[in-house]
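Under full-length UniProt numbering, the first residue of the sequence shown is numbered 1, with each subsequent residue one higher.
For each residue, glycine too, the CB sits at the ideal point set by N, CA and C.
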Amino acid sequence: KRLQKLRNIGISAHIDSGKTTLTERILYYTGRIKAIHEVRGKDGEGAKMDSMELERERGITIQSAATYCNWKWQDHGDYNINIIDTPGHVDFTIEVERALRVLDGAVLVLCGVAGVQSQTITVDRQMRRYNVPRISFINKLDRVGANPFNIIDQVRQKLKITAAAIQIPIGLEDNLKGVVDLVKWKSVYNEGNRGESVIEKDIPENLIKFATEKRQELIETLVDVDDQLAEIYLNEENPTSQQLMDAIRRATIANKFTPVLMGSAFKNTGVQLVLNAVCAYLPNPSEVENNTLDINHKEAVVPLVPYVKNPFVGLAFKLEDGRFGQLTYIRVYQGALKKGAVVTNTKTSKKVKVPRLVRMHSNEMEDVDEVGAGEICALFGVECSSGDTFTDGTVAYSMTSMFVPDPVISLAISPKVKDAPNFSKALNKFQREDPTFCVTYDVESKETIISGMGELHLDIYVERMRREYNVDCITGKPRVAFRETITSKAKFDYTHKKQTGGAGQYGKIIGYIEPLPNVEDDKQQIPSFESRVVGGHIPSQFIPAVEKGFRDAIEKGGLIGHPVKDVRFVLLDGQYHAVDSSELAFRLAAQYAFREAFFKANPVVLEPIMNVSVIAPIEFQGTVIGNLNKRKGTIIDTDVHEDHFIVTVEVSLNSMFGYSSDLRSATQGKGEFTMEYKTHQAVLPHVQEELINEYKKRKATEK
Numbered sequence: 001k002r003l004q005k006l007r008n009i010g011i012s013a014h015i016d017s018g019k020t021t022l023t024e025r026i027l028y029y030t031g032r033i034k035a036i037h038e039v040r041g042k043d044g045e046g047a048k049m050d051s052m053e054l055e056r057e058r059g060i061t062i063q064s065a066a067t068y069c070n071w072k073w074q075d076h077g078d079y080n081i082n083i084i085d086t087p088g089h090v091d092f093t094i095e096v097e098r099a100l101r102v103l104d105g106a107v108l109v110l111c112g113v114a115g116v117q118s119q120t121i122t123v124d125r126q127m128r129r130y131n132v133p134r135i136s137f138i139n140k141l142d143r144v145g146a147n148p149f150n151i152i153d154q155v156r157q158k159l160k161i162t163a164a165a166i167q168i169p170i171g172l173e174d175n176l177k178g179v180v181d182l183v184k185w186k187s188v189y190n191e192g193n194r195g196e197s198v199i200e201k202d203i204p205e206n207l208i209k210f211a212t213e214k215r216q217e218l219i220e221t222l223v224d225v226d227d228q229l230a231e232i233y234l235n236e237e238n239p240t241s242q243q244l245m246d247a248i249r250r251a252t253i254a255n256k257f258t259p260v261l262m263g264s265a266f267k268n269t270g271v272q273l274v275l276n277a278v279c280a281y282l283p284n285p286s287e288v289e290n291n292t293l294d295i296n297h298k299e300a301v302v303p304l305v306p307y308v309k310n311p312f313v314g315l316a317f318k319l320e321d322g323r324f325g326q327l328t329y330i331r332v333y334q335g336a337l338k339k340g341a342v343v344t345n346t347k348t349s350k351k352v353k354v355p356r357l358v359r360m361h362s363n364e365m366e367d368v369d370e371v372g373a374g375e376i377c378a379l380f381g382v383e384c385s386s387g388d389t390f391t392d393g394t395v396a397y398s399m400t401s402m403f404v405p406d407p408v409i410s411l412a413i414s415p416k417v418k419d420a421p422n423f424s425k426a427l428n429k430f431q432r433e434d435p436t437f438c439v440t441y442d443v444e445s446k447e448t449i450i451s452g453m454g455e456l457h458l459d460i461y462v463e464r465m466r467r468e469y470n471v472d473c474i475t476g477k478p479r480v481a482f483r484e485t486i487t488s489k490a491k492f493d494y495t496h497k498k499q500t501g502g503a504g505q506y507g508k509i510i511g512y513i514e515p516l517p518n519v520e521d522d523k524q525q526i527p528s529f530e531s532r533v534v535g536g537h538i539p540s541q542f543i544p545a546v547e548k549g550f551r552d553a554i555e556k557g558g559l560i561g562h563p564v565k566d567v568r569f570v571l572l573d574g575q576y577h578a579v580d581s582s583e584l585a586f587r588l589a590a591q592y593a594f595r596e597a598f599f600k601a602n603p604v605v606l607e608p609i610m611n612v613s614v615i616a617p618i619e620f621q622g623t624v625i626g627n628l629n630k631r632k633g634t635i636i637d638t639d640v641h642e643d644h645f646i647v648t649v650e651v652s653l654n655s656m657f658g659y660s661s662d663l664r665s666a667t668q669g670k671g672e673f674t675m676e677y678k679t680h681q682a683v684l685p686h687v688q689e690e691l692i693n694e695y696k697k698r699k700a701t702e703k
């Protein structure tokens, strides 16, 4: 019974579609906060969920924030809802990824004017990856040029998901009065100074014809995805509102359909109906299938059942560094977590005591003694990293981890003051919090290098170091994460001989390297090593040494010193010497053999290609497209609306630096763009020559 009244939902969408504003209204109507503050409000407070100072200044969400609330749904009693408000910028993709990994349902917010934008498509892909059912909310219907039905068409075409409106707006833009609920066949108005009272009336005369059409469209759409409703429809009966609600719920949970709601969070219209829809159409924790891997039984898949009596299993999905040490967010999948209990971290097999258990409300917390299955809570003082599984020690389960995209851009960074103790402390903290943020030390140039998902991503971290750790940093010019690979097969036959006094070094290896076939860009291929040595020509204890030599060699390619990807190293034969052969000898032999073969195998430099989408007013279309052509972009799609156009391009990241200032000056500050990593592609031959010469010069000056 407890589970039937529980919902775990995320609110995600493109930048500036109004996610945080919507969450703010939800918290206000459920009585969690006493007053509403706007995201870029005049009172300087900032929205509740944007608790970081930086978020309030820039008016964007950086970290996902968690909270929970109670909602009294008219005749159905109290519902507990855990909400996670996620960022929209592509630079913080991992935050959305983590949230969707542990949630049961989501609200996809769409802007009533712009509709499906580039980041909406990314979020949609993440929802599909974790099979998260969603309801859609078309926000900002008070803006000029809002056209909700146009957007439903976009959802059907671009996201390729069956969708239909379950509400229609009463008036648009400035005359937005309320909405008509097509399922209950009533019109709903929000009254009171903040829209807190919801009033149901009959549908206005002038809308009845239009509402009937749309209700018919809703039924016809549902008939395609739900068999029970199809039977009623084929018997030529008119379904009751209860039958309609059940059909929407079945189809939504099966991920075949998304109901579309309408309103405006800023103007306090239609938000309570979103809460009703969350309770009515999104699944409770027992209706979602969560699986785990049993380590003791060769990682067999085990379904998890959200019963309190079963052994405890939970997943740490997010770490934060609070005032009281490390705060770990945990989703409890099975069993219960009690204060003072001892839990085991499956990855390290360490046992930890739970000193303090809290429920989060943005950045404030409330202590609780016990958390049941299906809930989200946070622990204090437990050392772990993001994506670890906790159990009560009776079972060894490991939840599958999340998908972490590769970093695309890097910066050299150094503190202004030479020995700043907080510098490395801050970098270690950020790395633990955020799997997409990597820190490496470049031995050759003696610099610390940070890499992440975009310029904004790294900017925010440099800024946070200044604020939270008082470390002023100097940053270098951004660098692109190039890769190298080979395009043909090359054989090697290499003997490593070194004669010194006493035992020398000797190792001979024969084999070939070849390119791995390309796969879809979602899966990353790890360079593979294969040994086909027979008859003991190389003793088996030296084969791992050959592999280690190969792994060492691919960290720095021969062309421009970047990592090599998509290669297979096959060892066929070799020779050894009873006295002089050692692990070191074979390791060095493998390194030199790979380097020699690498240049025979037609090596190429790969660069990251970004999927860029630009939105700007129509009068600047020529300038924008001209500028993208100058940057050697490939135009994939142009979409022209009444007053603005959207162009989607594939451009190499290397030629995208400084684009934001170019775009602003070309469009009088009205254009905006988003970009995300798509794949790595070979660079043009003349670019490759430039890169290689530059690398050689750099090496020469270092010597």
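Quick check on residue i: does DSSP put it in helix, strand or coil?
i: Leu222; result: helix
i: Met465; result: helix
i: Gln63; result: coil
i: Asp573; result: strand
i: Ile618; result: helix
i: Thr495; result: strand
i: Asp521; result: Only weak support is given to the placement of Asp521: the predicted model assigns it a pLDDT of 49, under 50, and the question is left unresolved by the model.
i: residue 722; result: Any question about residue 722 goes unanswered here, given that the chain covers just 1 to 703.
i: Pro311; result: coil
i: Ile295; result: helix
i: Val687; result: helix
i: residue 706; result: Because the chain in this structure spans residues 1 to 703, residue 706 falls outside the shown range and cannot be described.
i: Gln216; result: helix
i: Asn268; result: coil
i: Ile84; result: strand
i: Glu205; result: helix
If the criterion is Cβ atoms closer than 8 Å, does the pair residue i and residue j meet it?
i: Tyr329; j: Ala341; result: no
i: Leu653; j: Glu689; result: no
i: Lys505; j: Ala585; result: The residue you asked about is not Lys; residue 505 is Gln in the sequence shown. Yes. Within cutoff.
i: Gly549; j: Ala590; result: yes
i: Ile83; j: Thr93; result: no
i: Pro303; j: Glu289; result: yes
i: Ile15; j: Thr648; result: no
i: Val358; j: Asp367; result: yes
Thinking residue i and residue j are a contact (beta carbons under 8 Å), I'd like their distance in whole angstroms, please.
i: Ile554; j: Val570; result: At roughly 14 Å, the Cβ-Cβ gap does not stay under 8 Å, so Ile554 and Val570 are not in contact.
i: Ile513; j: Ala601; result: 6 Å
i: Ser410; j: Ile450; result: 7 Å
i: Ala597; j: Lys508; result: Actually they do not touch by this definition, with Cβ atoms about 15 Å apart.
i: Ala265; j: Asn139; result: 6 Å
i: Val332; j: Val354; result: Not a contact, Cβ separation roughly 12 Å.
i: Val301; j: Asn310; result: Not quite, the Cβ-Cβ distance comes to about 16 Å (not below 8 Å), so this is no contact.
i: Pro405; j: Met262; result: Not confirmed; about 33 Å, so no contact.
Name the two residues that bound the continuous alpha helix (DSSP H) containing residue i.
i: Cys279; result: 271-281
i: Lys429; result: 421-433
i: Arg128; result: 118-129
Just the C-alpha distance for residue i and residue j, rounded to the nearest angstrom, thanks.
i: Asp224; j: Ala230; result: 7 Å
i: Glu106; j: Trp71; result: Residue 106 is actually Ala in this sequence, not Glu. In a straight line, the C-alpha of Ala106 is about 17 Å away from that of Trp71.
i: residue 732; j: Thr344; result: The structure shown has nothing for residue 732, since the chain only spans 1 to 703.
i: Asp521; j: Tyr677; result: Note that Asp521 scores 49 on pLDDT, short of 50, meaning its location in the model is unreliable and no value can be drawn from it.
i: Phe437; j: Ser12; result: 21 Å
i: Asp566; j: Thr487; result: 10 Å
i: Gly452; j: Val271; result: 36 Å
i: Val534; j: Phe482; result: 37 Å
i: Gln243; j: Glu220; result: 14 Å
i: Gln621; j: Thr258; result: 34 Å
i: Ser613; j: Ile510; result: 49 Å
i: Leu273; j: Arg7; result: 15 Å
i: Asp181; j: Lys267; result: 18 Å
i: Lys477; j: Pro527; result: 30 Å
What span of residues does the beta strand (DSSP E) with residue i cover, start to end?
i: Gln154; result: Here Gln154 belongs to no beta strand (DSSP E); instead the alpha helix (DSSP H) covers 148-158.
i: Ile253; result: Not the beta strand (DSSP E): Ile253 falls in the alpha helix (DSSP H), residues 241-253.
i: Ala165; result: 163-165
i: Arg134; result: 134-139
Can you check whether the C-beta of residue i is within less than 8 Å of a C-beta belonging to chain C?
i: Ala553; result: The displayed structure is made up of one protein chain only, and chain C is not part of it.
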